[in-house]
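*Asks:* In this text, residue positions in the sequence shown follow UniProt numbering: the first is 1, and each later residue adds one.
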Amino acid sequence: MSEAIGILETGVPPGDLAARHGRYDAMVQALLGRAFTTRTYDVQAGELPARPEDHPAYVITGSSAGVYDPLPWIAPLQDFIRQAHGRAKLVGICFGHQVMAEALGGRVEKSSKGWGLGLHSYQIVTCAAWMGGAVPHAIAVLASHQDQVIAAPEGAIVMAESAFTPFAALLYAGGTALSMQFHPEFSHRFAAELVETRRAALPDGMPDLALASLEATGDAALVGSWIRRFLGVAAPTDPNLKPGPVTTEEQAAGERCLKPAE
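1) For Arg34, does the three-state DSSP call read helix, strand or coil?
2) Report the residue from Gln98, Leu117, Gly106 and Arg20 whose alpha carbon sits nearest the alpha carbon of Val195.
3) Work out the CA separation of Gly105 and Gly244 for me, nearest whole Å.
4) Let me check understanding here. Comparing Cα to Cα, which of Trp130, Leu32 and Phe186 lies closest to Cys94?
5) Can you round the beta-carbon distance between Arg39 and Gly92 to whole angstroms, since I take them to be within the 8 Å contact cut?
6) Do you know how far the Cα of Val43 is from the Cα of Pro72?
7) By a C-beta neighbour count over all protein chains shown, 10 Å radius and 16 as the cutoff for buried, is Glu154 buried or exposed?
8) Hey, how far is the Cα of Ala151 from the Cα of Met159?
9) Report back the beta-carbon spacing between Met1 and Glu53 to the nearest angstrom; my notes put them in contact at under 8 Å.
10) Gln98 to His183, Cα distance in whole Å?
11) Excluding the five sequence neighbours on either side, which residues of its own chain have a C-beta within less than 6 Å of the C-beta of Ser64, listed in chain order?
12) Does DSSP put Met1 in a helix, in a strand, or in coil?
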């Protein structure tokens, strides 16, 4: 088994954004930091690991596709997720969140609420040991989506929520799979340019509201530290995180915080 994290890349940035900001796998690599080595699989081209055990963990990226789209690579990806659940750690981001939820028994639809764009605030409703020390009541992280999880799989616990996105982050049964609708891997500059590429298709005023929200810093770095901790390595620059692997007890989904720390 390779010690590298497998990145299941399910899309690429539109237009020339990839040339200026890198592909989604590079954004995930930057989020994880130098504590991790990675190997990318181009899922849209039909690439998937031969076995879930080929890597200790996988990160599934965002995509412009919907889980309901009749694309030939989506069903094999869902099959792989079902096989990997409980045999390797899984992290899903945006489309990755949606395809994990759908594969494991949840439901995803194009939301009647429309686009979620810009910096969104989410309430933290469940804590876990891999989140480290003090956990804030809320986090602000970049969003860029129309589709949403509308029903969580059986046994999944909601970790973060908002009025706009009730299933913003999920920890799945067994505690070894985590997914989130928001984008901790996006930079503010990339998010701004992504909004501009969609301006003509968006409702009047929405692009400017999304861009205005980007004046705040947000909590991507904090969420990145949680993901690294969940995957089993605390980067040396992360404050208040114990180094070393996460234990089975820490992975368990039973640690609920009704009142997150201030």
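Where a beta carbon is used, it is the ideal one built from N, C-alpha and C, also for glycine.
*Replies:* In this structure, then:
1) Arg34: coil per DSSP, three-state reduction.
2) Closest by alpha carbon: Leu117.
3) Caution applies to Gly244, whose pLDDT of 33 falls short of 50 and renders its modelled position unreliable; the model cannot decide the point.
4) Residue Phe186 is the option with its Cα nearest to Cys94.
5) Actually they are not in contact, since the Cβ atoms of Arg39 and Gly92 sit about 17 Å apart, beyond 8 Å.
6) Taking the straight line from one Cα to the other gives about 10 Å.
7) Only exposed fits Glu154, as fewer than 16 other CB atoms lie within 10 angstroms of its CB.
8) Going from the Cα of Ala151 to the Cα of Met159 covers about 14 Å.
9) The Cβ separation is near 6 Å, so the contact holds.
10) The alpha-carbon of Gln98 is positioned some 13 Å away from that of His183.
11) Gly11.
12) Met1 falls in the coil class under three-state DSSP.
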